[in-house]
Amino acid sequence: MTKVLIITGTDTGVGKTICTAALATRYAGSALRADGVGGAGSAVRAGGGSVAVVKPAQTGVTADEPGDLDDVRRLTGLTDLHEGVRLRDPLAPTTAARREGVPLPTVAAHAKFIDDLAITRETVLLEGAGGLLVGLDEDGHGLAELAAALNTPFAFVVVTRSGLGTLNHTGLTVEALRARSLPIDGLIIGSWPAEPDLAEQCNLDDLPVTTGVPVIGRIPAGAGQLDQAAFTAAAPGWFA
Ligand SMILES: Nc1ncnc2c1ncn2[C@@H]1O[C@H](COP(=O)(O)OP(=O)(O)OP(=O)(O)O)[C@@H](O)[C@H]1O
Ligand SMILES: [Mg+2]
């Protein structure tokens, strides 16, 4: 049984964070209600599964600005949220850290932190920074190396765009995961429009055929603007 679900994407800005929030709602099940059951800092645990979310590197925000985990909190009420390192410049973590002159934790350190969390949570969701090959530490190791360093069972999901170009980008990401023998649970379309164009309609059929990976979810466009009650009520329905 998967304990760590790793949310990567074909690019930055594809909807990984909203997808992570939707998955948190799905895995927490009845444990996660719109009133944010669980209490500050605690795992949500009241009949559904306990879920923690980890963002090992958050870039593009100052100390007092909201990061991706604040979006997860706003959309889900979940409070078991863990940010690794925070960097000011809206750049890849290694680049932002170099410019700021701060050291980065190793991916082994991130993996240890996640393994420890997974001891007491049923599911840990891990949101990467940007796409799969973005470096997370000074050795150039990224999400793939972090995954390989985990002792806890894990699988990836790949968040993809809906439109023209996604067959190539999704294929490249899937190929990179397979080349490293990393398991993939499925693809999730990060923003699915109310009125899909021809390419989008065709991609829905072609993505599983060309990648060999099923589309397991579609997040409706505009989902990020929902309030917490509407988001948590609707999110489980976005997955196959
Ligand atoms: N389904 C959606 N509905 C509404 N807005 C969305 C949706 N998906 C993504 N967005 C918006 O698109 C932008 C990028 O999405 P998001 O922050 O989730 O990307 P990301 O893949 O997590 O990027 P990063 O690499 O920075 O973590 C955000 O402003 C987000 O609000
Ligand atoms: Mg994000």
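One point on numbering: in my numbering, the residue at position 231 of the sequence shown is 231, and numbering is uninterrupted.
Virtual Cβ for every residue (Gly too), placed ideally from N, Cα, C.
This structure is a prediction, so every number in the text was calculated from the model and none was measured.
Q. What are the partner residues of GLU127, as DSSP defines its beta bridges?
A. ILE7
Q) How would you label ASP80, buried or exposed, when you count the other beta carbons within 10 angstroms and need 16 or more for buried? A) Classification of ASP80: buried, given that the 10 Å Cβ count is 16 or more.
Q | Cross-strand partners of PHE156 (DSSP beta bridge) | A | ILE6 and ILE184
Q. How about LEU187 and PRO214: are their beta carbons less than 8 Å apart?
A. yes
Q: Following the continuous beta strand (DSSP E) through GLY171, name the residue where it begins and the one where it ends.
A: Note, GLY171: premise wrong, no beta strand (DSSP E); alpha helix (DSSP H) at 166–179.
**Q.** Through-space distance from ASP197 to LEU127, alpha-carbon basis
**A.** The sequence given here places Glu at residue 127; Leu does not occur at that position. C-alpha separation (whole angstroms): 29 Å.
Q. Comparing the CB of THR10 with every heavy atom of ligand 2, is any distance shorter than 7 Å?
A. no
**Q.** LEU172 and ASP206 closer than 8 Å at C-beta
**A.** no
Q | For HIS110, the first and last residue of its enclosing alpha helix (DSSP H) | A | 107–120
Q | Integer Cβ distance of ILE76 from GLN228, believed to fall under 8 Å | A | What sits at residue 76 in the sequence shown is Thr, not Ile. In this structure THR76 is in contact with GLN228, their Cβ atoms being roughly 7 Å apart against a cut-off of 8 Å.
Q. When the distance is taken between beta carbons, is THR94 closer than 8 Å to GLY135?
A. yes
Q: Please indicate yes or no: does the CB of ILE188 lie closer than 7 Å to some heavy atom of ligand 1?
A: no
Q) Mind checking whether the beta-carbon of PRO220 lies closer than 7 Å to any heavy atom of ligand 1? A) Yes, ligand 1 has a heavy atom inside 7 Å of this Cβ.
**Q.** CA-to-CA distance, LEU143 to VAL241, given in whole angstroms
**A.** As shown, the chain starts at 1 and ends at 240. That puts residue 241 outside it, with no answer to give.
Q | Where the beta strand (DSSP E) through ALA57 begins and ends | A | 51–59
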